[in-house]
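Positions 1 to 639 (full-length UniProt numbering) are the ones given, in order, by the sequence shown.
Input: a single structure, listed below in structure tokens.
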Amino acid sequence: MSHVQYVDELVKEYLLFRGFSQTLRAFDNELKAEKEKGFRVDKIVDQLMQYIYTFDLVSLRELWGHLDTRMFCRLENYFVPSVRKLENSVLKMYLINAAVNNKQERIRDFFAKMTPELQGHSEWKEWFAFPFTKNPEDNPIYSVYFSKQWQDTMLVSLHNFLAMIFQCMPQPTLLTIDEDTNKLKRLQEENETLKQCLAESNKIDNISDVNPGSTPQHPPIMDDFYIIAQESPLLENPKTLRSLIKNIGGGSSPILNRKSLSSTKKSDLDTTVTKRTCTKGRVNSLSKGDVAKRSMSCDSRLTRKRDFPIDTTIERKAKDKIDSNYILLSQEEYTEHKTSIIQCKSNTSGSYVATGDADGVIKVWTPIPSPKTVATFTSTTANSNKAVTSLDWISKNERYFLHGDNNGSIQLHDTRDCKTLWEIQHEGSRVVSLTCSPLDSTFICSITDSNESKLLLYDVKTRKLERTLPMDGNLTALCSVFNHNSQLLITGLSNGNLLIHDLRRNEIIDNFTCHSSPVIDIELINDYTNICILSEDGKLCQRSLNQTGKTIWEAKIKIEKNAVHGKMFTFDQSGNHMLLCTQTGGNIYKMPPGAQAKILELGGHKGTLCCDWSTANQSGTCITGGAEGNCRVSTLLSP
């Protein structure tokens, strides 16, 4: 059910195109009143908890009754006990919340309304004494329900149960349109790959037939990289690219440690040639004669190659170095900006990069194979101070991204139609940071003015402010990051502290000191239990979220003074390597960073203000934005 909101937008677009304005209005009204929340489990659970926290028993019963009528009643009979147990748990949580907040009248009202339904159920037999029990949290009958462990377990069980039901529900054709489109695209790509594979085989056969007695001219190794890049199975099943390179041609390269023909059996050689020709069984698409010719051509090439000497010592050292470090394949420059680049961010697939500068100009461009502009967005404000201060892509739809600027403006942009869809204006304020949720269509923004600072949670689709997050004192939230399931928000503050919010309960669960100066950048490491924090004075450290007083390591770096920065560091997919902005460009370090841990200098800048590392493909792409207005695109081969 992850495409429900997307299909809703398609229906709206179609109705608007057809001019069905009354139908569109009715559709919008029903969407606003729908209780399934677009089949978003987190929204349904949040709504149930909201009714519990506000003691709205009537709405709580209505929503559960709707879910029961709409979905639960259609389940198999063996699901009924689970549904009833979850329903009783929700009602008990309502009573526990009322008791914790000393709302005795709500407890009495609950039993006055619910007694006809609960009477005769053995599970509720002892609960009718609940209103008359003093200190129920100390009573062994009720004490377990007051524990945080029981409440968290209940919420997780409810969340998983609803998710399982939504996943198993039969879907209409419209909801599978995206899946069908992707399947058709994969088939087309596979067809093109087979054509290229066949053409490459015929090309080599022709060379052998025309000049059989001469030594064939071998293509450079980058041609082999190009052939690998065309193989769609590598994108679907990303094996280590280096191991596949070793199989190209069967070999004798002293750098990539190809095996000598003298130690390779003929059967192994034929297997290698077959893999080189068409991977994953695609040899079946060629005729037997083509396969035989291809193998003979490669055999002759390999026979001539085996006479070259191999220095095993050099080979071993080179192999050890390659296996431990990234290799820089190429670098390109993107020079469309006129002023300092403050923000740069790749979308999830790495196909587009959005960069924002100090003049309020945002460029959307493709980094591979060479930088090319796709769309340009410019701030419409008359104020001269219109720098792009924050930028992030919508996680579930790579077509859209958000940006905030110095004038308090937040805008949603459509990269396909090259237009701005909506704008939220905070007069007299400045947007400090903006972070999109990795799971749903919400985002967090920090705004500040001369009097106060706020941390706000907005819904992307409705543009409505859902809530204002609590803050400790009049501090400014300079940067934020969601955890993996969007339940927690970690925020860096202007006093050097880290603030952790529980978004389900809308409360602060931790606030601890990390630095003595403002925290300007934070990043969760891939295990989600550790976080790296960078302060304004250049101190970088890693802290444990489980043991907030424990510092794992610390380092000192030089950063541009009195400059507006974007993302100053980021990690590769494994979390073992860090891309860090320095005064001369981006550097890649093996964790933890330090003078001895530096493995690659990307260079290219006179002051680096932002960076991003896209690891969507096997070859990672590093983007660095400089104070001079250029972006450097570095394509890496991962270890």
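C-beta: ideal position from N, C-alpha, C; glycine also.
Do residue j and residue i have their beta-carbon atoms positioned less than 8 Å apart in this structure?
i, j, result
"Leu524", "His501", "no"
"Asn511", "Asp472", "yes"
"Cys344", "Asp612", "yes"
"Thr378", "Val361", "yes"
"Gly586", "Leu602", "yes"
"Tyr145", "Lys92", "yes"
"Phe128", "Phe111", "yes"
"His159", "Val41", "yes"
"Leu457", "Ile447", "no"
"His577", "Phe571", "yes"
"Pro131", "Arg108", "yes"
"Leu187", "Ser634", "no"
"Gln583", "Gly620", "no"
"Met49", "Arg504", "yes"
"Thr366", "Tyr352", "yes"
"Asp392", "Leu402", "yes"
"residue 640", "Lys338", "Shown here, the chain extends from 1 to 639; a query on residue 640 therefore has no answer."
"Leu493", "Ala477", "yes"
"Thr435", "Ser395", "no"
According to the neighbour-count rule (16 or more other Cβ atoms, all chains shown, within 10 Å of its Cβ), is residue i buried or exposed?
i, result
"Lys32", "exposed"
"Gly549", "exposed"
"His413", "buried"
"Pro81", "exposed"
"Lys185", "exposed"
"Arg543", "buried"
"Thr624", "buried"
"Glu560", "buried"
"Val90", "buried"
"Lys567", "buried"
"residue 647", "No statement about residue 647 is possible, as the shown extent of the chain runs from 1 to 639 and does not include it."
"Ala26", "exposed"
"Gly594", "exposed"
"Pro140", "exposed"
"Ala199", "exposed"
"Val45", "buried"
"Lys305", "Bear in mind that a pLDDT of 38 at Lys305, under 50, signals an unreliable position, so the number given afterwards is only what the model happens to contain. Lys305 is buried by the Cβ-count criterion."
Identify whether residue i lies in helix, strand or coil by the three-state DSSP scheme.
i, result
"Ile44", "helix"
"Phe401", "strand"
"Met154", "helix"
"Gly65", "helix"
"Asn182", "helix"
"Ile490", "strand"
"Lys246", "Confidence in Lys246 is poor, its pLDDT being 43 and thus under 50, which makes the residue's placement unreliable; the coordinate value appears in the next sentence. Lys246: helix per DSSP, three-state reduction."
"Asn407", "coil"
"Ala354", "strand"
"Gln596", "coil"
"Arg467", "strand"
"Tyr53", "helix"
"Thr23", "helix"
"residue 650", "The structure shown does not extend to residue 650, since the chain is modelled only from 1 to 639, so the question has no answer here."
"Asn630", "coil"
"Asp392", "strand"
"Arg416", "coil"
"Cys298", "Here Cys298 scores only 38 on pLDDT, less than 50, and its place in the model should not be relied on; the value that follows carries that caveat. The answer is helix: DSSP assigns Cys298 an H, G or I state."
"Glu336", "coil"
"Ile327", "strand"
"Ser437", "coil"
"Gln196", "helix"
"Asn202", "helix"
"Lys386", "coil"
"Ile368", "coil"
Excluding sequence positions up to five away, which residues of its chain have a Cβ less than 7 Å from the Cβ of residue i?
i, result
"Thr513", "Gly496, Asn497"
"Asn101", "none"
"Asn406", "Asn385, Lys386, Ala387, Thr389, Arg430"
"Glu87", "Trp64"
"Tyr535", "The sequence as given places Ser at residue 535; Tyr does not occur at that position. Closer than 7 Å at Cβ, skipping near neighbours: Gly496, His515, Ser517, Pro518, Val519, Ile520."
"Lys103", "Phe55"
Enumerate in chain order the residues of its own chain whose CB-to-CB distance from residue i is below 6 Å, with the five nearest sequence positions on each side excluded.
i, result
"Ser483", "First, the amino acid is wrong: residue 483 is Asn here, not Ser. The answer, listed in chain order, is Tyr528."
"Pro592", "Trp553"
Going along the chain, which residues of its own chain have a beta-carbon closer than 8 Å to the beta-carbon of residue i, five neighbours each way excluded?
i, result
"Cys541", "Cys514, His515, Cys532, Ile533, Thr551, Ile552, Trp553, Glu554, Ala555"
"Gly626", "Ser340, Ile341, Gly585, Gly604, His605, Lys606, Gly607, Thr608, Leu609, Arg632"
"Trp150", "Val144"
Does the Cβ of residue i lie closer than 7 Å to at least one heavy atom of the ligand FMN?
i, result
"Cys611", "Of ligands this structure carries none, so the ligand FMN is not represented either."
Exercise for the section: Any chance you could list the beta strand (DSSP E) runs of at least 3 consecutive residues sitting entirely within the segment 492 to 577, in chain order? Expected result: 497 to 502, 507 to 513, 519 to 524, 530 to 535, 539 to 544, 551 to 556, 569 to 571
Problem - 4-residue-minimum alpha helix (DSSP H) runs that sit fully inside the segment 68 to 155, ordered along the chain - result: 80 to 100, 104 to 118
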